[in-house]
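S.K.: Using the working numbering, you'd call the opening residue of the sequence shown number 10 and step up by one each time. Every residue, glycine too, gets a C-beta built ideally from N, C-alpha and C. These numbers come from a predicted model, not from an experiment. Here it is: the structure, laid out below.
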Amino acid sequence: MQKESIILTPNHRLARHLESLTSWHGEKILPLSTWLINCWQEYAAAPQILLNSHQEQLLWQLVIEETLGKNFSSITDTVIKAHELLVNWQIDIASLTDYESEDVSVFKILYNKFKEQCKKKKLIMACQLPSLLIPYLQHYNTKITFTSFNEYSPQLKLLISALKKSNCIICHNDPNNYKNSTYKKISFAKQHDEITTIARFAKQLISHDPKVTIGIVVPNLTALRSKIIRIFNDVLGNTENINISAGTVFSSQPIISHALELLSLKATNKILLSPYIHGAEAGKSNQACINVLQKEQDHYAQVKNKKLDNSDWAKTFAQILQTFGWPGENNLNNTESTAIERFTKLLQELTTTNLIAEKTSYTQALQTLHHMADHTIFQSEHETESQINVLGTLEAAGINFDYLWVMGLDQESWPTTQAPNPFIPIKIQKKLSLPHSSAERELYFCETLTNRFKRSAKNIFFSYVNQIEDHSIEPSTLIADIPEISVDNLDLAAFIEPAKKIYSNQRTIKKLDDDYFLPFASDELIHVHGGSRLIELQSLCPFRAFAEFRLRAKESKQLELGINKLKRGILVHTTLENFWQKVETHQNLCSLNPETLKKLIKESVGYALSKENIPQTLHSLEQKCLIRLLSSWLEVEKSRPPFQVMATEKTIETTIGPLQIKLRIDRIDKLANGNLLLIDYKTGKKLPIAFDWFGKRPKNPQLPLYCVAVDNAQGFAFAQINIESIKFKDISLDEFAFGMQAPVNWHELITHWREILNDLAKDFVSGNARPEPLSPQVCKQCEFGLICRYTC
10 MQKESIILTP
20 NHRLARHLES
30 LTSWHGEKIL
40 PLSTWLINCW
50 QEYAAAPQIL
60 LNSHQEQLLW
70 QLVIEETLGK
80 NFSSITDTVI
90 KAHELLVNWQ
100 IDIASLTDYE
110 SEDVSVFKIL
120 YNKFKEQCKK
130 KKLIMACQLP
140 SLLIPYLQHY
150 NTKITFTSFN
160 EYSPQLKLLI
170 SALKKSNCII
180 CHNDPNNYKN
190 STYKKISFAK
200 QHDEITTIAR
210 FAKQLISHDP
220 KVTIGIVVPN
230 LTALRSKIIR
240 IFNDVLGNTE
250 NINISAGTVF
260 SSQPIISHAL
270 ELLSLKATNK
280 ILLSPYIHGA
290 EAGKSNQACI
300 NVLQKEQDHY
310 AQVKNKKLDN
320 SDWAKTFAQI
330 LQTFGWPGEN
340 NLNNTESTAI
350 ERFTKLLQEL
360 TTTNLIAEKT
370 SYTQALQTLH
380 HMADHTIFQS
390 EHETESQINV
400 LGTLEAAGIN
410 FDYLWVMGLD
420 QESWPTTQAP
430 NPFIPIKIQK
440 KLSLPHSSAE
450 RELYFCETLT
460 NRFKRSAKNI
470 FFSYVNQIED
480 HSIEPSTLIA
490 DIPEISVDNL
500 DLAAFIEPAK
510 KIYSNQRTIK
520 KLDDDYFLPF
530 ASDELIHVHG
540 GSRLIELQSL
550 CPFRAFAEFR
560 LRAKESKQLE
570 LGINKLKRGI
580 LVHTTLENFW
590 QKVETHQNLC
600 SLNPETLKKL
610 IKESVGYALS
620 KENIPQTLHS
630 LEQKCLIRLL
640 SSWLEVEKSR
650 PPFQVMATEK
660 TIETTIGPLQ
670 IKLRIDRIDK
680 LANGNLLLID
690 YKTGKKLPIA
700 FDWFGKRPKN
710 PQLPLYCVAV
720 DNAQGFAFAQ
730 INIESIKFKD
740 ISLDEFAFGM
750 QAPVNWHELI
760 THWREILNDL
770 AKDFVSGNAR
780 PEPLSPQVCK
790 QCEFGLICRY
800 TC
């Protein structure tokens with residue numbers, strides 16, 4: 010007797026979506042992963058234990074730490090993906106022998122130890138189920154429909170073939186079957202404009218048709234999730250009609266991060282000010298919290314040397330949180346309530362790791378719990394069908410809409426970049442066309458998805474950002490043939506950016522100008538010391554210059570783990586300064602043999618590190634990073650025409666209007682024609698562009714200041730040095746002419762800039778402290794809101 014038919018989907022979202030459609034009622038709909046687990050639990054007779062994801066993660070981590078040391082636990086996720094690729098693509102570990110490399114050799118050792126553990130404890134992984142189930146499904150007799158699968162791994166193909174031999178009826182279905190759809194392509198200058206337009210477009214559609222369904226596909230949704238939520242909130246006023254599929258890291262939820270902090274039993278400000286402990290609402294939590302901490306610390310001191318099962322520690326964690334009164338007396342919102350339920354489940358999942366881990370200490374058990382929370386994706390509520398569904402590229406498969414908008418399809422982002430797994434030989438990956446193995450593989454896969462999108466709605470829009478930093482970008486080749494329209498052709502809901510509203514109101518209020526002119530006292534000016542930042546802030550917003558250089562207010566510094574961006578920039582500058590003091594010229598650089606060059610680079614990096622207080626644990630890592638950066642950069646330097654380094658990190662004092670300004674120029678080169686070239690090192694991701702240097706209030710006056718200070722200079726260049734970009738950008742007079750709106754020579758340019766800079770210096774000395782930002786964005790990036798009456 011034939012069983013009821015089953016519909017299998019590639020993900021949980023599509024399964025839920027199909028269940029909501031009346032056309033599919035009466036049929037069992039399951040994600041493939043759930044069906045495989047159900048089959049194993051129902052039919053498999055082998056006494057093997059199927060590990061959950063946390064157990065598998067922990068087992069691999071323990072194998073890696075035992076083999077390579079705890080410092081290598083960060084490779085766990087990559088190793089797991091390599092193992093899954095081997096299993097899904099049916100690659101024999103022995104076949105890797107012909108492609109020996111350090112990474113592959115290490116992986117083979119880890120793989121064999123992992124398999125030994127699995128054999129010893131009779132463990133299996135979810136990725137192995139399609140192969141393991143074949144012997145148990147020989148008499149499985151039903152109709153199975155695979156719907157919306159973009160591809161089938163070799164392992165899954167073997168299972169399907171076995172199912173066909175067992176007299177199963179196998180069907181393949183594609184719900185995305187719209188025909189005669191209309192396609193349009195739209196470009197934007199900025200990603201913010203792209204998202205805002207999509208939100209306005211969706212709002213307008215909903216206002217005309219409350220039943221309309223809208224899909225929005227975002228290739229990098231995880232990274233953009235918070236930005237999309239913020240913009241859609243601004244445009245729609247709320248996110249009630251929106252379902253955003255990408256979850257967040259569970260440990261980042263405030264109520265959970267506070268729980269993990271409480272379990273550390275350290276008297277941090279986060280604990281003492283936590284709203285999630287008993288008495289927080291009444292403001293009585295500090296002393297009570299300290300008392301509880303002292304009590305728990307005393308108890309912990311007695312058990313800290315004990316080794317217990319993780320199940321015992323899970324109970325201890327629950328007791329400690331209960332003692333603190335977590336989650337407090339506040340009325341919890343839906344997200345917090347759901348998070349507590351998920352945390353309770355996480356503690357239960359911690360108990361299951363007894364199978365993998367031996368008895369551990371309190372600290373080790375807490376680290377395991379924290380690690381599990383870091384690897385858990387949290388969705389505040391179950392994904393439901395809404396009018397507006399924001400989805401990742403794979404989650405959109407199989408779902409149809411009235412309108413579909415696919416964003417972010419520029420030529421640099423779509424097709425996606427290849428990212429082969431380092432633990433499988435690249436030749437094998439390319440030969441078998443493994444996921445992310447090559448540019449051709451990514452092109453094929455993204456082309457498949459794009460064609461699916463074209464069948465997913467009546468009206469389809471593809472969009473891309475046409476400019477990043479200082480260069481333009483073309484649309485993806487996969488949408489190149491789609492006709493392009495202007496934003497003006499769209500019917501959009503009215504919307505004014507919040508910052509622009511405030512900015513507009515602020516401009517109206519500025520009739521009180523006299524309140525913001527605060528002349529200098531007779532001896533005050535001599536105590537003002539500033540460099541290019543003083544002029545820059547006066548240009549961006551006079552009040553910011555006033556706050557920082559007259560009130561001596563300071564913007565708060567963001568704490569960062571490891572080496573922050575500022576210190577890394579200093580290290581790069583110091584390394585290059587030391588190197589060029591020894592090498593001096595382009596000719597000397599090119600004449601160095603590889604060994605001598607390598608030695609000089611290492612010495613310069615060592616010198617820079619010795620000047621900074623670098624934690625010992627990061628010293629080696631930072632040394633490798635700097636050596637790699639400097640080696641790559643010097644190859645760029647070799648490709649330049651001949652030069653002599655005349656000065657590095659040179660301090661220059663110059664007069665700008667009534668101010669004495671002190672500048673520090675990264676480097677001055679003398680070229681073969683005798684001209685001086687000023688070079689500014691940039692370790693960030695963005696370089697200034699021509700727009701930044703012109704107008705009465707230039708956005709970035711650093712370059713003009715340098716050129717005015719060294720008036721015999723005849724050129725300027727940026728040296729961008731970071732892990733993502735190594736390049737030398739020479740600024741030509743043509744770019745300066747763009748800002749002047751006419752052909753220009755060097756003398757005319759310096760004269761023009763001197764006038765602009767003098768005016769800004771005079772404006773500062775006159776006492777102009779008006780909160781008059783150059784743009785709303787300046788307000789967004791300012792931290793002086795508490796002392797600025799009209800701040801944005």
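At a cut of 8 Å, does the segment 158-165 reach the segment 61-74 through at least three beta carbon pairs?
M.R.: no
S.K.: May I have a chain-ordered list of the alpha helix (DSSP H) segments no shorter than 4 residues that lie completely inside the segment 184-235?
M.R.: 200-217
S.K.: Could you say if the segment 714-723 and the segment 548-560 meet the contact criterion of at least three C-beta pairs nearer than 8 Å?
M.R.: no
S.K.: In terms of residue numbering, what span does the alpha helix (DSSP H) encompassing A91 cover?
M.R.: To locate residue 91, count along the sequence shown from 1; it is residue 82. Element bounds for A91: T85 to N97.
S.K.: Enumerate in chain order the residues of its own chain whose CB-to-CB distance from I179 is below 7 Å, with the five nearest sequence positions on each side excluded.
M.R.: Stepping through the sequence shown from its first residue, residue 179 is reached at position 170. Closer than 7 Å at the Cβ level, and outside the excluded window around I179, lie I153, I169, L172 and K173.
S.K.: My understanding is that D411 touches S485, with C-beta atoms under 8 Å, so please give their C-beta distance in whole angstroms.
M.R.: One-based indexing of the sequence shown puts residue 411 at position 402. One-based indexing of the sequence shown puts residue 485 at position 476. About 24 Å; that fails the 8 Å criterion.
S.K.: Out of D479, I100, H21 and L27, point me to the one whose CA is closest to K436's CA.
M.R.: As a first step, residue 436 must be located in the sequence shown, where it is residue number 427. Checked all of D479, I100, H21 and L27; the closest Cα to K436 is I100.
S.K.: To the nearest angstrom, report how far apart D522 and D768 are at their CA atoms.
M.R.: As a first step, residue 522 is located in the sequence shown; it is residue number 513 there, counting from the start. As a first step, residue 768 is located in the sequence shown; it is residue number 759 there, counting from the start. The pLDDT assigned to D522 is 46, lower than 50, so where the model puts this residue is not dependable; a value taken from the coordinates is nonetheless given after this. Cα-Cα distance, rounded: 18 Å.
S.K.: When you compare only the Cα positions, how much space is there between I544 and I735?
M.R.: Indexing the sequence shown from 1 puts residue 544 at position 535. Indexing the sequence shown from 1 puts residue 735 at position 726. Whole-angstrom Cα-Cα distance: 29 Å.
S.K.: Starting from R673, follow its DSSP beta bridges and name the residues at the other end.
M.R.: Here residue 673 corresponds to residue number 664 of the sequence shown, with the count starting at 1. Paired residue(s): T660.
S.K.: Let me make sure I understand the geometry here. Which of E270, K131 and E506 has the alpha-carbon closest to that of D243?
M.R.: Within the sequence shown, residue 243 is the residue found at index 234, counting from 1. When only C-alpha atoms are compared, the closest one is E506.
S.K.: Less than 9 Å separating the beta-carbons of A135 and L60?
M.R.: Here the question's residue 135 lines up with position 126 in the sequence shown. Here the question's residue 60 lines up with position 51 in the sequence shown. Going by C-beta atoms, A135 is nearer than 9 Å to L60.
S.K.: Do you know whose CA, among S42, V115 and V96, lies nearest G78's CA?
M.R.: Against the sequence shown, residue 78 aligns to sequence position 69. For the residues S42, V115 and V96, the minimum Cα distance to G78 belongs to V115.
S.K.: If you draw a straight line from the C-alpha of K679 to the C-alpha of F197, how long is it?
M.R.: Against the sequence shown, residue 679 aligns to sequence position 670. Against the sequence shown, residue 197 aligns to sequence position 188. K679 and F197: Cα-Cα distance of roughly 41 Å.
S.K.: By a C-beta neighbour count over all protein chains shown, 10 Å radius and 16 as the cutoff for buried, is A54 buried or exposed?
M.R.: For the purposes of this step, residue 54 is taken as residue 45 along the sequence shown, with counting starting at 1. With fewer than 16 Cβ atoms within 10 Å of its Cβ, A54 is classed as exposed.
S.K.: Taking C-alpha atoms, which residue in N731, T87, A406 and K193 lies nearest to S642?
M.R.: Your numbering for residue 642 matches position 633 in the sequence shown. The sequence shown places Trp at residue 642, not Ser. For W642, the nearest C-alpha among the options comes from N731.
S.K.: Keeping to the same chain, check which residues put their C-beta closer than 8 Å to that of S548; ignore five residues upstream and five downstream.
M.R.: Translated into positions along the sequence shown, residue 548 becomes position 539. R706, P707, K708, P710, L769 and L783, listed in sequence order.
S.K.: Quick check: what's the CA-CA separation for L119 versus P139?
M.R.: The residue you call residue 119 lines up with position 110 of the sequence shown. The residue you call residue 139 lines up with position 130 of the sequence shown. Taking the straight line from one Cα to the other gives about 23 Å.
S.K.: The beta strand (DSSP E) with C180 in it runs from where to where?
M.R.: Here residue 180 refers to the residue found at position 171 when the sequence shown is read from its first residue. Unbroken beta strand (DSSP E) run through C180: I178 to N182.
S.K.: Given Y285, which residues of its chain have a CB within under 6 Å of its CB, disregarding the five upstream and five downstream residues?
M.R.: For this step, residue 285 is matched to residue 276 along the sequence shown. Answer for Y285: I264, H267, W335, P336 and G337, listed in chain order.
S.K.: With H, G and I counted as helix, E and B as strand and the rest as coil, what does DSSP make of K705?
M.R.: One-based indexing of the sequence shown puts residue 705 at position 696. Note: K705 maps to coil in three-state DSSP.
S.K.: How would you write the range of the beta strand (DSSP E) that G256 sits in, first residue to last?
M.R.: Locating residue 256 in the sequence shown gives position 247, where the first residue counts as 1. It is not in any beta strand (DSSP E) - G256 carries neither H nor E in the DSSP assignment.
S.K.: Can you have a look at L758 and say buried or exposed, based on whether 16 or more other CB atoms are within 10 angstroms of its CB?
M.R.: The sequence position of residue 758 within the sequence shown is 749, counting from 1. By the neighbour-count rule (16 or more Cβ atoms within 10 Å), L758 is buried.
S.K.: Going by DSSP, what residues sit across from Y412 in a beta bridge?
M.R.: Here residue 412 refers to the residue found at position 403 of the sequence shown. Residue pairing of Y412 in beta bridges, as defined by DSSP: I223 and N468.
S.K.: Given a threshold of 16 other Cβ atoms within 10 Å of its Cβ, counted over all protein chains shown, does V312 qualify as buried or as exposed?
M.R.: Indexing the sequence shown from 1 puts residue 312 at position 303. Exposed, since its Cβ has fewer than 16 Cβ neighbours within 10 Å.
S.K.: Inspect the beta-carbon positions of I674 and V645 and report whether they are closer than 9 Å.
M.R.: Residue 674 sits at position 665 when you count from the first residue of the sequence shown. Residue 645 sits at position 636 when you count from the first residue of the sequence shown. In this structure, V645 does not lie closer than 9 Å to I674 by Cβ.
S.K.: I need the boundaries of the alpha helix (DSSP H) containing K691, first residue and last residue.
M.R.: What you label residue 691 is simply residue 682 of the sequence shown in a count that begins at 1. It is not in any alpha helix (DSSP H) - K691 instead sits in the beta strand (DSSP E) that spans L685 to K691.
S.K.: Between I240 and T205, what straight-line distance do the alpha-carbon atoms span, to the nearest angstrom?
M.R.: The sequence position of residue 240 within the sequence shown is 231, counting from 1. The sequence position of residue 205 within the sequence shown is 196, counting from 1. Rounded to whole angstroms, I240 to T205 spans 6 Å at the Cα level.
S.K.: Taking the alpha-carbon positions, what's the L364 to Q64 distance?
M.R.: On the sequence shown, position 355 is the one that residue 364 refers to. On the sequence shown, position 55 is the one that residue 64 refers to. For L364 and Q64, the distance between alpha carbons rounds to 8 Å.
S.K.: Residue ranges of each alpha helix (DSSP H) run of no fewer than 4 residues wholly in the segment 525-597, ordered along the chain?
M.R.: 541-549, 551-558 and 574-592
S.K.: Grouping DSSP H, G and I as helix and E and B as strand, with all else coil, what is S784?
M.R.: As a first step, residue 784 must be located in the sequence shown, where it is residue number 775. Coil, per DSSP.
S.K.: Identify whether E75 lies in helix, strand or coil by the three-state DSSP scheme.
M.R.: For the purposes of this step, residue 75 is identified with residue 66 of the sequence shown, where counting begins at 1. It is helical.
S.K.: Let me confirm a value: P650 is counted as buried when at least 16 other C-beta atoms fall within 10 Å, else exposed. Which label applies?
M.R.: Locating residue 650 in the sequence shown gives position 641, where the first residue counts as 1. P650 is exposed by the Cβ-count criterion.
S.K.: Identify, in the order they occur along the chain, each residue of the same chain with its Cβ nearer than 8 Å to the Cβ of L635, setting aside the five sequence neighbours on each side.
M.R.: Mapped onto the sequence shown, residue 635 falls at position 626. Same-chain partners within the cutoff: L580, V581, T584, V614, A617 and L618.
S.K.: Hey, is the segment 219-229 in contact with the segment 485-501, meaning 3+ C-beta pairs nearer than 8 Å?
M.R.: no
S.K.: DSSP puts L680 in a beta bridge; with which residues?
M.R.: Here residue 680 refers to the residue found at position 671 of the sequence shown. F652, per the DSSP bridge assignment.
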